[in-house]
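In our numbering, the protein residues as written are 9 to 284.
Since the structure comes first, as structure tokens, the remarks are kept for the end.
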């Protein structure tokens with residue numbers, strides 16, 4: 009089993025927050041089977057577990073349909089927080105700015121797809137299977153529309169898919185938007201555009217306030233750039249072995265990779281669980 013770090017002092021864990029892709033989920037995009045007994049153990053000890061992702065809320069919910077009781081969610085990179093069935097939008101995306109992003113995506117000299125993310129679901133106007141196959145991984149509720157400019161929903165974020173290199177696309181086409189919104193490379197092929205001040209850390213702090221939990225009682229796991237602020241919200245912050253270098257620099261501790269079940273391994277040790 010790959011080695012990992014642990015805090016020098018015992019930790020009164022009350023909240024565990026984990027990114028999904030590249031963090032908790034295995035390389036096939038599944039919750040590891042050996043995570044479910046740990047979820048039961050956390051519930052029995054009064055520890056809240058929260059998935060935090062750029063994914064849509066409905067997609068996150070489906071990942072935990074095997075054991076859904078009592079789970080709160082941080083979806084859409086922190087823009088939608090769901091706790092006790094109450095949904096909080098931290099900052100809606102400006103419609104006029106969304107129209108500009110849509111126009112830029114349409115006119116780009118790269119192979120780009122766009123998901124407009126609303127409270128009620130995601131929307132696309134591109135219907136080819138290669139793009140839909142990628143979008144379906146993250147957006148369970150996805151509607152094909154004739155024109156993204158005509159969506160009747162509260163907008164949360166815009167997610168751009170680049171078939172080649174999201175970082176290059178962000179620099180080439182979306183850098184001009186950085187003065188008016190956040191442009192975050194959330195994976196090798198995805199760029200998220202969100203209102204200023206929106207990130208997973210905002211969602212974590214909102215839940216900490218609701219639950220009466222402080223950062224010293226919070227464990228956070230992440231692997232990519234959209235996890236940076238979230239790592240700051242927990243004193244026990246872990247970067248996966250497969251994490252982006254900037255994430256590894258920001259986190260206090262290291263965990264084995266998602267392929268090696270790093271979240272499960274660390275939680276077993278933190279919770280002093282003897283399961284193997």
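C-beta atoms are modelled at their ideal positions from N, C-alpha and C, and glycine is treated no differently.
Since this is a predicted model, take the numbers as computed values, not measurements.
Which of helix, strand or coil does DSSP assign to residue 14? Working through the chain shown from its first residue, we reach residue 14 at position 6. DSSP places residue 14 in coil when its eight states are reduced to three.
Please classify residue 64: does DSSP put it in a helix, a strand, or coil? Reading the chain shown from its first residue, position 56 is the one you call residue 64. In the structure shown, residue 64 sits in coil (DSSP, three-state: anything other than H, G, I, E or B).
With a threshold of 7 Å (Cβ to nearest heavy atom), would residue 216 be considered close to the ligand COA? The ligand COA is not part of this structure, which contains no ligands at all.
Selected residue, minimal CA-CA separation from residue 39, among 15, 62, 75: Counted from its first residue, the chain shown places residue 39 at position 31. The option with the nearest alpha carbon to residue 39 is 75.
What are the start and end residues of each continuous beta strand (DSSP E) run of 3 or more residues lying completely inside the stretch 239-273, in chain order? 244-248, 261-263
Would you say the stretch 146-159 touches the stretch 79-90, given that touching needs at least three Cβ pairs under 8 Å? no
Pick out whichever of 167, 197, 256 has its Cα sitting closest to the Cα of residue 64. Within the chain shown, residue 64 is the residue found at index 56, counting from 1. Taking only the C-alpha atoms, the option nearest residue 64 is 167.
Are there three or more Cβ pairs, one per stretch, closer than 8 Å when the stretch 254-268 is compared with the stretch 45-60? no
For residue 223, three-class secondary structure by DSSP: Sequence index remark: in the chain shown, residue 223 carries index 215 (1-based). It is helical.
Can you give me the start and stop residues for the beta strand (DSSP E) that residue 166 sits inside? Here residue 166 is taken as the residue at index 158 of the chain shown, counted from 1. Element bounds for residue 166: 163-170.
Would you report the Cα separation of residue 226 and residue 275, rounded to the nearest angstrom? Indexing the chain shown from 1 puts residue 226 at position 218. Indexing the chain shown from 1 puts residue 275 at position 267. Cα to Cα, the separation comes out at about 12 Å.
Can you list, in chain order, the residues of its chain with a C-beta nearer than 7 Å to that of residue 188? Leave out the 5 residues immediately preceding and following it. Locating residue 188 in the chain shown gives position 180, where the first residue counts as 1. So the qualifying residues of the chain are 105.
Any beta-carbon of chain C closer than 8 Å to the one on residue 104? Note that chain C does not occur in the displayed structure, where there is just one protein chain.
Kindly list the residues whose CB is nearer than 6 Å to the CB of residue 282, restricted to its own chain and excluding five residues on each side of it in sequence; keep chain order. Walking along the chain shown from the start, residue 282 turns up at place 274. At residue 282, the pLDDT of 42 sits below 50, so the modelled position is not reliable; the number obtained from the coordinates is stated separately. The answer is none, since no qualifying residue turns up.
Identity of the residues DSSP links to residue 125 by a beta bridge: Indexing the chain shown from 1 puts residue 125 at position 117. DSSP output for residue 125 lists 130, 165 as bridge partner(s).
Buried or exposed, going by whether 16 or more other CB atoms sit within 10 Å of the CB of residue 115? Here residue 115 is taken as the residue at index 107 of the chain shown, counted from 1. Label assigned to residue 115: exposed.
Compare the Cα-Cα distances from residue 199 to each of 157, 218, 143 and report the closest residue. Taking the first residue of the chain shown as 1, we reach residue 199 at position 191. Of 157, 218, 143, the residue nearest in Cα terms is 143.
Answer with buried or exposed for residue 59, where buried requires no fewer than 16 other C-beta atoms within 10 angstroms of its C-beta. Stepping through the chain shown from its first residue, residue 59 is reached at position 51. Classification of residue 59: buried, given that the 10 Å Cβ count is 16 or more.
Nearest to residue 98 by CA position, among 110, 82, 119, is which residue? As a first step, residue 98 must be located in the chain shown, where it is residue number 90. Selected option, being the one with the closest Cα: 82.
Ends of the beta strand (DSSP E) at residue 59? Working through the chain shown from its first residue, we reach residue 59 at position 51. 56-59 is the span of the beta strand (DSSP E), which, as asked, contains residue 59.
Distance, residue 103 Cα to residue 158 Cα: Position 150 of the chain shown holds residue 158. Position 95 of the chain shown holds residue 103. Roughly 10 Å separates the two Cα atoms.
Are the Cβ atoms of residue 79 and residue 101 separated by less than 8 Å? The residue you call residue 79 lines up with position 71 of the chain shown. The residue you call residue 101 lines up with position 93 of the chain shown. Taking 8 Å as the Cβ cut-off, residue 79 and residue 101 do not qualify as a contacting pair.
Find the nearest neighbour of residue 123 within the set 92, 91, 163, judged by alpha-carbon distance. Here residue 123 is taken as the residue at index 115 of the chain shown, counted from 1. Measuring from the Cα of residue 123, the nearest candidate turns out to be 163.
For residue 109, the first and last residue of its enclosing beta strand (DSSP E): Here residue 109 is taken as the residue at index 101 of the chain shown, counted from 1. No beta strand (DSSP E) contains residue 109, which is instead part of the alpha helix (DSSP H) from 103-115.
Other residues of its chain near residue 120: CB distance less than 6 Å, five sequence neighbours each side excluded: Position 112 of the chain shown, counted from the start, is the residue given in the question as residue 120. Closer than 6 Å at the Cβ level, and outside the excluded window around residue 120, lie 113, 168, 170.
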